[in-house]
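If you're matching them up, the sequences are chains C and F in order. Each residue of the first sequence is one higher than the one before, starting from 1 at the first, in the working numbering. Each residue of the second sequence is one higher than the one before, starting from 289 at the first, in the working numbering.
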Amino acid sequence: MIIKTEHLTYKYGIGTPFEKTALDDVSVSIKEGDYVGVIGHTGSGKSTLISHFNAILKPTSGKVFVDGQDIWQDDKTERIKARFKVGLVFQYPEHQLFEDTVYNDIAFGPKNMGLSGEEIEKRVMTSLEFVGLSKDCLEKSPFELSGGQKRRAAIAGVMAMSPKVLVLDEPAAGLDPRGRDEILSRIRDYHKETGSTVLLVSHSMEDIAENANSIIVMNRAACMMHASVPEVFEHASQLEKIGLDIPQITRVFISLHKLGYPVSQNIYTVDDAEREILSCLKGGGARD
Amino acid sequence: MSEIISVENLSFSYGGQKDTLVLDGLDLKIEQNSFVAVLGHNGCGKSTLAKNLNAILLPTGGKVYVCGIDTTDESRLFDIRRRMGMVFQNPDNQIIATVVDEDIAFALENLGVPHDEMVKRVDEALAAVGMSEYKHHAPHRLSGGQKQRVAIAGIIAMKPQCLIMDEPTAMLDPRGRKEVMATVKRLKEEQGVTVILITHYMDEAVQADRVVVMDDGKIILDGTPEYVFQNVGLLHSVALDVPQSAELMYRLRKYDIKVPISVLNEGDCVKVLSELLENKIDYKDGAFDI
C-alpha cells in the first residue's frame, strides 16, 4: 500500500460557529501502481482527502501513511519525504505558474529537491515530453502559452519531481473535448511508462471509466465505496442519488439488461457498446 | 420584430485589420425567445462572438444589431448592455458583494432603479433561479451551482431580453450543471428570455432549440440538435464530440446496420437497440467481423 488512511477525520473551523466535518472516519488504502479515480459531488471531501496525502492538512484525528510511514509521527522528516513522494496537481494548476520561463517553472520542484543541474535538465526534458509540449516552449514565458499549454506546463512541473504518486484534481476542467482527451491520454501514458500510482479526481464518470482501474466514491465526508470500476458502476442508481452522473451509454445498457436483452451492464464507453452490440448480433441477437 | 440579434458579415481581429481574423465574415440571426447553443473547440471564436453581441467588443468589419440597435452606436451602449445580459464561466469573477441580495441589487443601483422597485426585482430574480432562501447568505459560502445561479439572478434582475452565457457550467459538478440548465430553461419558458449558451457539453446542446457550430471564426453547421448531431464525421474533424448514443449509431451504420442517424437521448437509444437486437432492423449477416 503506497497510501493508507486509518479513521481519518478532519474538521474545519474547530471552535467557531462554522465548524464543519470535511472528512469523517475515512479509511482507504491505495495500491502501488494503481490508477484510482476519485469521484463525489462538490463538497463531498475529495479535495480535503487528497490534501492529506502529502501533509498539506493535518488530520484532526486518525492516521495517514505514505509508503508505510505514519507521516504525522513527531519527526517532520516523514512529512518532508511525503511532499516529494506525493505530487499534487491542484485544480487550474496554470494559476500557479510563476517563473520567467517555462524551463525554470518546470525545474522549480527538482531544484528544491537538491538535484544536480544535469539531473534537473534531464527531468525537465522527460516531463516536457510526457505532457507533449515542444522544446520551443522552454525559453518562453509561461504566460505566452495558450490555456491548454499552460495547464500542461504546470503538470510537467509536478511530474519533474518524479513522485511515486501523482494526484491530479480535475486536470481536464474547462478544456474542450480535444484538450481533455489529450491531457488524459498523456496522463495514461505517464502511468503506463513510469509505473507510478495515479489518482484522478474528476466529475466526469466517462473520463474515470476510460482511465481508472478502481474508484473511490466520496459522499458527505465519508468514503462510500472503494472498488473496481465495474463494481462501482453496478450501483448506478445509488450514484445518481448522490448527485453523480452515469455515462449515457451505461444507462442505456442497464435499461437493455433490465428489459431482458442478453447484454452486459458494464458498458462505459462507445467502444464497449459497439463491441457488445456487434457480438450480440453475431450471436443471433434476439431475446430468449 | 422577431429577430433579437442580427449579425451581418461580422469580422473581428484583436489587432486591427492587419491581424488574423478571429471572426471571419459571420452571418447569424437569432429569433426572440429561442434557445441557441454555440459549440466549437477552444479558440474557434465563440467567446469573441459573444462579446460582440453586447458591445464589449466592436466589429472590425460588418455589423451587429441587437434589438435593432447598431452596437457601434455609442450613445445607445447602455440600452445594449441592459438588453444583453452576460454570464461568464467563473461565478467568482462576477459576484462582488458579501451578501447575496446586495450582489443582485448592484446592477440595479447602477441603473438607478428606485428602491421599492429594486427590492421587488431582487426578490423576483432570486425566486426565478430558486435561491430565495439564500437571500441573506454570503456568496462565498455557497456551492458552485448556487453561486452561478446567484450570478444569473444578478443579470436577470436587470430584465435583459437576452441571456448570453459563456460556458456557465464549466466549473460545476453534475448536480450544479443540472440546476443551472433547469434555471435557464425555465427563464426561457416563463419570462420569454432569449438564451445563447456557449458550451463544451453535448448533453446541454441537445436541450437547445438550435445548435450553431463554429470553427475558425465561421459557422460550419446550424440547425436543430437532431440535424447537427447527424454530422458526426464533420464534428469530429473540428475536435467536437457528439452524444454517446449518436456516436454509437454512427459506428453501427458503418457496418451497414440500418439504425437511424439521429438518436440523441437515452430513451430513443434503448428503443433502437432493442429493435436491433430483436432483428427488426436490417443488417447484412457477416458484414462485420470482430
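No residue lacks a Cβ here, since even glycine has one placed at the ideal position from N, Cα and C.
Anything in chain F within Cβ reach of residue i, meaning under 8 Å, just list it in chain order.
i: C:Ser255; result: Glu554 and Val558
i: C:Gly37; result: Neighbours of C:Gly37 on chain F: none; closest Cβ ~14 Å, over 8 Å.
i: C:Cys280; result: Leu565
i: C:Gly132; result: Result: empty, since nearest Cβ-Cβ is about 15 Å, beyond 8 Å.
With a threshold of 7 Å (Cβ to nearest heavy atom), would residue i be considered close to the ligand SAH?
i: C:Ala172; result: This structure does not include the ligand SAH; it has no bound ligands of any sort.
Buried or exposed, going by whether 16 or more other CB atoms sit within 10 Å of the CB of residue i?
i: F:Gly555; result: exposed
i: C:Gln73; result: exposed
i: F:Glu477; result: exposed
i: F:Gly521; result: exposed
i: C:Phe130; result: buried
i: C:Ile80; result: exposed
i: F:Ala325; result: buried
i: F:Pro402; result: exposed
i: F:Asn340; result: buried
i: F:Lys546; result: exposed
i: F:Met490; result: buried
i: F:Asn342; result: buried
i: F:Pro531; result: buried
i: C:Ile246; result: buried
i: C:Thr16; result: exposed
i: C:Lys85; result: buried
i: F:Lys435; result: buried
i: F:Ser525; result: exposed
i: F:Gly328; result: buried
i: F:His488; result: buried
For residue i and residue j, I'd like the C-alpha separation in whole angstroms.
i: F:Lys504; j: C:Ile71; result: Before going further, note that residue 504 of chain F is Asp rather than Lys in the sequence given. So the alpha carbons of these two residues sit roughly 51 Å apart.
i: C:Glu119; j: C:Gln69; result: 27 Å
i: F:Ile293; j: F:Arg437; result: 25 Å
i: F:Leu314; j: C:Phe233; result: 45 Å
i: C:Ala154; j: C:Tyr92; result: 9 Å
i: C:Arg287; j: C:Ile267; result: Any reading at C:Arg287 needs caution, since the residue's pLDDT is 43, under 50, leaving its predicted position unreliable; the model's value is listed next. Taking the straight line joining both Cα atoms gives about 19 Å.
i: C:Glu170; j: C:Thr9; result: 23 Å
i: F:Arg465; j: F:Ala496; result: 15 Å
i: F:Asn567; j: F:Glu514; result: 25 Å
i: F:Ser335; j: F:Ile507; result: 13 Å
i: C:Gly13; j: C:Ile30; result: 29 Å
i: C:Thr194; j: C:Gly132; result: 16 Å
i: F:Gly356; j: C:Met224; result: 55 Å
i: F:Arg463; j: C:Met1; result: 33 Å
i: C:Glu206; j: F:Leu430; result: 27 Å
i: F:Ile578; j: F:Tyr571; result: At F:Ile578, the pLDDT of 49 sits below 50, so the modelled position is not reliable; the number obtained from the coordinates is stated separately. Rounded to the nearest angstrom, the two C-alpha atoms are 15 Å apart.
i: F:Gln479; j: F:Ser322; result: 12 Å
i: F:Glu412; j: F:Thr386; result: 20 Å
i: C:Arg180; j: F:Val407; result: 43 Å
i: C:Thr101; j: C:Glu139; result: 5 Å
i: F:Ala395; j: F:Leu337; result: 23 Å
i: F:Val295; j: F:Leu509; result: 16 Å
List, in chain order, every chain F residue whose beta-carbon is nearer than 7 Å to that of residue i.
i: C:Arg178; result: His329 and Ala527
i: C:Gly13; result: Going along chain F, no residue has its Cβ under 7 Å from C:Gly13, so there is no contact; the nearest lies around 11 Å.
i: C:Leu259; result: Ser562
i: C:Gly43; result: Ser431
i: C:Leu297; result: For residue 297 of chain C there is no data in the structure shown, the boundaries of chain C being 1 and 288.
i: C:Leu244; result: Pro462
What does residue i reach in chain C if we use C-beta pairs closer than 8 Å?
i: F:Arg541; result: Near F:Arg541 there are no residues of chain C at all, since even the closest Cβ is about 11 Å away, more than 8 Å.
i: F:Ala470; result: Those do not exist, as F:Ala470 stays about 14 Å from chain C at its closest Cβ, beyond 8 Å.
i: F:Ala458; result: Ala173 and Gly174
i: F:Tyr571; result: Leu281
Closer than 9 Å by beta-carbon distance: list the chain C residues that pair up with residue i, in chain order.
i: F:Ala413; result: Those do not exist, as F:Ala413 stays about 23 Å from chain C at its closest Cβ, beyond 9 Å.
Going along chain C in order, which residues have a C-beta closer than 7 Å to the C-beta of residue i?
i: F:His488; result: Asp176 and Pro177
i: F:Leu536; result: Ile249, Val270, Ala273 and Glu274
i: F:Gln532; result: Pro247, Gln248, Ile249 and Val270
Looking only at DSSP bridge pairs, what is residue i linked to?
i: C:Gly87; result: C:Leu166
i: C:Gln69; result: C:Val66
i: C:Phe98; result: Paired residue(s): none; C:Phe98 is not in a bridge.
i: F:Arg498; result: F:Val324
i: F:His240; result: The structure shown has nothing for residue 240 of chain F, since chain F only spans 289 to 578.
i: F:Met374; result: F:Ile452
i: C:Ala289; result: It is not possible to answer for residue 289 of chain C, since the shown part of chain C is limited to 1 through 288.
i: C:Ala222; result: C:Asn219
i: C:Glu78; result: Per DSSP, none; premise fails for C:Glu78.
By the criterion of Cβ-Cβ separation under 9 Å, what are the contact partners of residue i in chain F?
i: C:His7; result: Going along chain F, no residue has its Cβ under 9 Å from C:His7, so there is no contact; the nearest lies around 27 Å.
(request) Pair every Cβ in the stretch 199-216 of chain C with every Cβ in the stretch 25-40 of chain C, then say whether three or more of these pairs are closer than 8 Å. (result) yes
(request) Check whether the stretch 348-355 of chain F touches the stretch 263-277 of chain C, counting contact only when three or more Cβ pairs, one atom from each stretch, lie closer than 8 Å. (result) no
(message) Check whether the stretch 359-369 of chain F and the stretch 409-424 of chain F touch, using three or more Cβ-Cβ pairs below 8 Å as the test.
(response) no
(request) Would you check if there are 3 or more beta carbon pairs closer than 8 Å linking the stretch 120-129 of chain C to the stretch 154-167 of chain C? (result) yes
(request) Identify each residue in the stretch 195-210 of chain C for which the Cβ-Cβ distance to at least one residue of chain B is less than 9 Å, and report them in chain order. (result) Of the protein chains in the structure, C and F, none is chain B.
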